[in-house]
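So the structure is just underneath, and the comments pick up after that.
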Amino acid sequence: MPSKPRRTITDPKELRALAHPLRWKLLELINREGRATATQCAREVGESVANCSYHLNILAKYDYIEAAEGGAGREKPWRVVHEGHNWTDLGLDIEGALAAEAASEAYLEFSFAEIRRRLRVASLEPDHWREAIGASDSNEFLTAAEVLAMQEEIRAIMQRHRDRRDNPELRPEGARPVHFFLTTTVPPKPDK
């Protein structure tokens with residue numbers, strides 16, 4: 610169970626720590642499983658234990674993960690520290706803005722690859738899961754304040770089932786980890 614609420618990241622060094630696709634894989638795995646060791650991570654992501662251990666230590670250095678109870682050495686389990694992360698380049702100097710951009714690009718690279726991988730094999734799922742998964746989009750005319758309010762509403766809906774992630778005993782039979790990916794964008798304003 611994460612020990613801290615969502616975190617807004619503004620430090621360029623902390624942002625650069627997220628600018629690596631493998632670190633996103635490790636964060637997603639630990640978040641999904643609740644805890645994982647370097648050995649478990651290596652098996653899941655197809656990297657060496659040493660490489661996973663190195664990247665896990667970088668994530669720990671910048672307070673994204675922390676040691677969980679039990680284990681020792683490479684068998685030391687890790688858990689996520691925060692409920693989630695936000696970052697923006699708003700108000701940052703050029704170094705911070707570039708670090709935020711790099712973190713965003715690494716996150717998008719990881720997320721799109723994961724979405725493509727899962728959708729490629731979606732046809733192998735039972736019908737009830739095939740009906741529940743997929744992609745959709747929408748274009749609505751909203752103000753920035755309305756977008757922020759909608760994001761908060763969506764997070765509140767997702768929060769309803771958060772206890773299941775942290776306590777496997779609360780998961781109903783047939784429950785599986787489901788990834789929601791929400792992005793909000795606007796087209797650039799044309800020059801007038």
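Oh and the sequence shown: position 39 is 648 in my numbering, straight run, nothing missing.
Glycine residues also receive a C-beta, built at the ideal position from the N, C-alpha and C atoms.
Original post:
How many angstroms separate the CA atom of Glu-642 from the CA atom of Ala-741?
Top reply: 21 angstroms
Subject >> Under 8 angstroms between C-beta atoms of Trp-687 and Ile-639 >> reply: yes
Original post:
Run through DSSP, which three-state label would Arg-780 get?
Top reply: coil
Original post:
Is the segment 703 to 723 in contact with the segment 644 to 660, if contact means three or more CB pairs nearer than 8 angstroms?
Top reply: no
Original post:
Hey, how far is the Cα of Thr-619 from the Cα of Asn-666?
Top reply: 20 angstroms
**OP:** Select from Glu-778, Thr-794, Glu-692 and Phe-790 the residue whose C-alpha is nearest the C-alpha of Thr-617.
**Re:** Glu-692
Original post:
On the three-state DSSP scale, how would you describe Val-795?
Top reply: coil
**OP:** Could you name the residues that DSSP lists as bridge partners for Glu-675?
**Re:** Arg-688
Subject >> Cα-Cα separation between Leu-624 and Ile-766, rounded to whole angstroms >> reply: 27 angstroms
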